[in-house]
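Numbering (the working numbering), first residue to last: 285 to 516.
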């Protein structure tokens with residue numbers, strides 16, 4: 285395992301080669317088959333997960349058993365950074381969508397690293413605060429705009445993370461229902477369905493023979509999002 289893989293994780297970007305080498309020694313590689321739960325909402329937590337291959341979904345389950353997907357993540361993404369620091373309960377469930385491989389850093393092992401190099405903790409905390417601030421800014425950006433913008437922005441993000449380039453465009457490499465997309469942007473499945481039909485009419489996307497979303501031109505999708513940004 286190269287320390288460059290750890291350096292690519294934003295919360296480790298301020299660490300020295302020596303710091304990264306100490307973390308590399310305690311990182312454990314784990315594999316998860318499709319649909320395998322990594323953990324459930326409310327479970328005790330103690331680990332940071334770094335995705336090195338595959339895709340996971342972050343979701344919550346309602347009282348009536350319905351699943352609401354909050355986010356999806358692919359290679360290079362990470363989650364559980366707060367758990368690695370404080371060990372609090374999980375706020376959502378995470379499961380593998382495809383065959384997924386991850387590096388896992390447990391709370392106890394990270395603490396052992398910090399005992400040997402206390403300044404390591406401050407560097408990670410600074411990076412965690414910066415990462416959290418950027419996430420909050422992105423959330424606010426979506427919150428104060430209407431559903432068309434939120435949907436276009438989410439589709440653009442999903443294509444960037446999970447897109448598979450093909451002759452006719454970039455195909456979304458994971459299967460999501462209109463209810464999944466609606467849950468991600470805080471709208472209703474009915475409105476998302478109407479908007480997807482409109483985006484197809486506008487040639488921003490189409491569905492292939494397997495009902496997967498294909499975007500002919502991701503740049504045009506981004507431009508469309510900016511064009512509707514100030515709708516009220």
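In this text, a Cβ means the ideal position worked out from N, Cα and C, and glycines have one as well.
Original post:
Smallest Cα separation from residue 466: which of 305, 478 and 458?
Top reply: 478
**OP:** Measure the Cβ-Cβ separation of residue 366 and residue 310 and say whether it is below 8 Å.
**Re:** no
**OP:** Check whether the Cβ atoms of residue 496 and residue 437 sit closer than 8 Å, and answer yes or no.
**Re:** no
Subject >> Separation of residue 493 from residue 455, as counted between CA atoms >> reply: 12 Å
**OP:** Determine contact between the segment 469-485 and the segment 371-387, defined as no fewer than three beta-carbon pairs at a distance below 8 Å.
**Re:** no
**OP:** For residue 230, collect the residues of the same chain with a Cβ closer than 8 Å to its Cβ; drop the 5 residues on either side in sequence, then sort them by chain order.
**Re:** This structure leaves residue 230 out entirely; the chain is present only between 285 and 516.
**OP:** Assign residue 292 to one of three DSSP states: helix, strand, or coil.
**Re:** coil
Subject >> Start-to-end residues for the alpha helix (DSSP H) that takes in residue 377 >> reply: From DSSP, residue 377 is part of no alpha helix (DSSP H) but of the beta strand (DSSP E) over 377-380.
Subject >> Three-state class that DSSP yields for residue 383 in the structure shown >> reply: coil
Subject >> Integer-rounded CB distance, given that residue 331 should sit under 8 Å from residue 372 >> reply: Contact doesn't hold; Cβ gap of about 12 Å is too wide.
**OP:** Express the C-alpha separation of residue 393 and residue 463 in angstroms, rounding to a whole number.
**Re:** 39 Å
Subject >> Where residue 313 falls, given that 16 or more other Cβ within 10 Å makes a residue buried >> reply: exposed
**OP:** Along the alpha helix (DSSP H) that carries residue 510, what are the first and last residues, could you check?
**Re:** 502-512
**OP:** Kindly identify the DSSP beta-bridge partner or partners of residue 321.
**Re:** 379
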